[in-house]
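Following: one structure in C-alpha cells, then a few remarks.
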Amino acid sequence: MTLRLGRHEFGDDATLMMAIVNRTPDSFYDRGATYAEDAAFERVAKVVGEGAEIVDIGGVRAGYGPEVSAEEETERVASFVGRVRAAHPQVVISVDTWRSEVARAVCLEGADLLNDAWGGHDPALVEVAAEFGAAVVCTHTGGFKPRTDPYRVEYDDVVRAAIDATVALAERALAAGVARESIIIDPAHDFAKNTFHSLEVTRRLDEMVATGWPVLVSLSNKDFVGETLGLPATQRLTGTLAATSVCALAGARVYRVHEVVETRHTVDMVNSIAGRRLPQRAIRGLQ
Amino acid sequence: MTRVVLAPPVLAFLPEYAGLEDPVAELRAVVLDAVGWLGEDVTVLGDDQARRVAAHLLGATTRTGSEPSYLVMGNGSARRTDASPGPYDARAVPFDDALGRALLAGDRAALAEVDADLARELWATVEPIRRVAALTELSGAKVEYDAAPFGVQYWVMRWS
Chain A
7 MTLRLGRHEF
17 GDDATLMMAI
27 VNRTPDSFYD
37 RGATYAEDAA
47 FERVAKVVGE
57 GAEIVDIGGV
67 RAGYGPEVSA
77 EEETERVASF
87 VGRVRAAHPQ
97 VVISVDTWRS
107 EVARAVCLEG
117 ADLLNDAWGG
127 HDPALVEVAA
137 EFGAAVVCTH
147 TGGFKPRTDP
157 YRVEYDDVVR
167 AAIDATVALA
177 ERALAAGVAR
187 ESIIIDPAHD
197 FAKNTFHSLE
207 VTRRLDEMVA
217 TGWPVLVSLS
227 NKDFVGETLG
237 LPATQRLTGT
247 LAATSVCALA
257 GARVYRVHEV
267 VETRHTVDMV
277 NSIAGRRLPQ
287 RAIRGLQ
Chain B
23 MTRVVLAPPV
33 LAFLPEYAGL
43 EDPVAELRAV
53 VLDAVGWLGE
63 DVTVLGDDQA
73 RRVAAHLLGA
83 TTRTGSEPSY
93 LVMGNGSARR
103 TDASPGPYDA
113 RAVPFDDALG
123 RALLAGDRAA
133 LAEVDADLAR
143 ELWATVEPIR
153 RVAALTELSG
163 AKVEYDAAPF
173 GVQYWVMRWS
C-alpha cells in the first residue's frame, strides 16, 4: 500500500528507515547523548545524510524515570521539530509521544507522523493527526499505561493480541479521519512483552503483514535481543540485524533504528533475496 | 542493400538481469540504435544464448524496411586483463587487435581464417563473425563502439 506520511508519499515497494533522535537525558541506548538541542540537531543531519527517510524525535524515555510533564515534553520537542522542518524539508518528521497536546504542538511545527508508542493511551491523539493530515503509528502495548515495563504478562496468543489491538487502533484512527494510507501498525517488541513474546512476534510477523496495514518494527538494540544473546545494549547490533532480517522477509515496511546504514543494508539485502528489490548493479558473470 | 550489425551478446542486456543501475547503459544505447537501423526481417547469427539476447534487442526496437539484415552476436576476448572474466592471457589483446582490423576492413578472407581454436582458448565469441563473412559483403564499416569496459572486447559495428 502507498504510504502517505504528512507531506511525503512513498510507493508500495518502499521500505523506510526511521532514525531515533532522543531529546532525553536517560534513554537506554544513547544515555542522553543527544539531549542537548544542538547534539540532537547534529544527529538529525547525520542520519539524514545516511539516508534515513524518517526521523523519530522523542522527548520522554520509554522506560521508567523522572516524570516529564506535557509542558516539559513540548519544550523538548516542539521548537526542535520546527528547526528540523526548516533545515531538512525532505525528511519525514515523526514525534514519539502519547499525548495529544504534545501532538498538536509538534504538528503546528510541521511534524508529519505521530508515533503513538503507548497504543492509544490518549484517544484524542488520532483526532489531532486527522486535523493536521498527519500519519499515525498504532502500537500494541497490552493496555499498559505509558512508561510501564511488563511484569508477569502472559497471552493466550501474543500475535493475535497484537493484531487485534493494533488493527482496532488503526480502524479507530480511520474513523477519526486519518487517511487509510497514513496509518501504520507496530507490534511493539518489548512493550508489554517478555523476550519469548518478542521472539514469537518476530517469528510470526507475516501474520501482522497479512492484515494489509503497513507494519513498523522497532527492534533496535532492545532487551529481547540482549536477553536472547546475553549481551548488554552496546553489543546488540548483530542480533538486531538478525531480527531485522526476519521482519524484512515477512514484509515489514518501516524500521525504527539507531543504526541507519547497517539496517538499510540488511533490509535491502533481504528484500533482494525475497525478489522484491533489484540488485543495485549486477555485472559479474553477465559481461 | 544488405545491412549487417555486429553486437556483443551481453547477458546484462536482458531484463531478467536488470539492477537498479544499468551497468551497460552506454553500450545498450549504442546497440539499440544500431539494431534499430536494421530492416524488418533480421537473421540472427549466434548460439542459443546469444539468440535470446538478440530477441530482446530486436523486441526493444522498431525496424522498418525490407533490406536483408543480419544481427551478428559476437565479441573479442574475455581474457584481456586481470579484471577480465577469464584469466589473463597475453595473446588476447593482439588477437583482438587483429580481429578489429579485419572487421574494420571488411576483410572476409581474414575473418574466415580466424583461428577458432585460439578464439575458444581466449574466450572470444567469433563463430557468428566467421559465418557472416561467408554469407555477405562487409563494406563501409562504421564503428559505433570499440572498448572493453569489463575486460571483454566489445564492438558495435555496422556494414551495408
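Order-wise, the sequence lines are chains A and B.
Each residue of the first sequence is one higher than the one before, counting from 7 in this note's numbering.
Each residue of the second sequence is one higher than the one before, counting from 23 in this note's numbering.
Just so you know, even glycine gets a beta-carbon here, dropped at the ideal spot from N, CA and C.
Query	Result
In angstroms with no decimal places, state the Cα-to-Cα distance between B/Trp177 and B/Glu143.	19 angstroms
Let me make sure I understand the geometry here. Which of B/Ile151, B/Leu28, B/Val66 and B/Ala146 has the alpha-carbon closest to that of B/Leu133?	B/Ile151
May I ask which residues mark the beginning and end of the alpha helix (DSSP H) holding A/Asn277?	Val266 to Ile279
Consider the Cβ of B/Val52: report whether some Cβ of chain A lies at a distance smaller than 7 angstroms.	no
Can you list the residues of chain A that B/Val66 reaches, using a CB-CB cut of under 8 angstroms?	Correct list: empty, because the minimum Cβ distance to chain A is about 20 angstroms.
With distances taken from CA atoms, which of A/Gly257, A/Gly139, A/Asp163 and A/Gly57 is nearest A/Gly183?	A/Gly139
Does DSSP classify A/Ser226 as helix, strand or coil?	coil
DSSP has B/Trp181 in a bridge; who is on the other side?	B/Val26
Just to check my reading of the structure: A/Leu11 and A/Asp118 have Cβ atoms closer than 8 angstroms, yes? What is that Cβ distance to the nearest angstrom?	5 angstroms
A/Thr272 to A/Thr172, Cα distance in whole Å?	26 angstroms
Quick one: list the residues of chain B neighbouring A/Ile289, beta-carbon separation under 7 angstroms, in chain order.	Ala34, Pro45 and Phe172
Check B/Ile151 in the structure and name its three-state DSSP category.	helix
Check the Cβ-Cβ distances between A/Leu22 and every residue of chain B, and say whether any is below 7 angstroms.	no
Taking only runs of the alpha helix (DSSP H) that begin and end inside the segment 215-264 of chain A, which ones reach a length of at least 4 residues, in chain order?	229-235 and 243-256
List the residues of chain A whose Cβ lies closer than 8 angstroms to the Cβ of B/Gly41, in chain order.	Leu284, Pro285, Gln286, Arg287 and Ala288
In chain A, what lies closer than 9 angstroms to B/Pro107 by C-beta?	Arg290, Gly291 and Gln293
Can you check the segment 75-147 of chain A for any alpha helix (DSSP H) of at least 4 residues that lies completely inside it and give the ranges in chain order?	76-93, 106-114 and 131-138
Is A/Asp122 buried or exposed, if buried means 16 or more other CB atoms sit within 10 Å of its CB?	buried
Would you say A/Thr222 and A/Ala249 are within 7 angstroms of each other, going by their C-beta atoms?	Checking the displayed sequence, the identity of residue 222 of chain A turns out to be Leu instead of Thr. Cβ distance not < 7 angstroms, so A/Leu222 and A/Ala249 don't count as in contact.
Grab the span of the alpha helix (DSSP H) containing B/Ala138 for me, first residue to last.	Ala138 to Glu143
Please report the residue range of the beta strand (DSSP E) in which A/Gly64 lies.	Ile60 to Gly64
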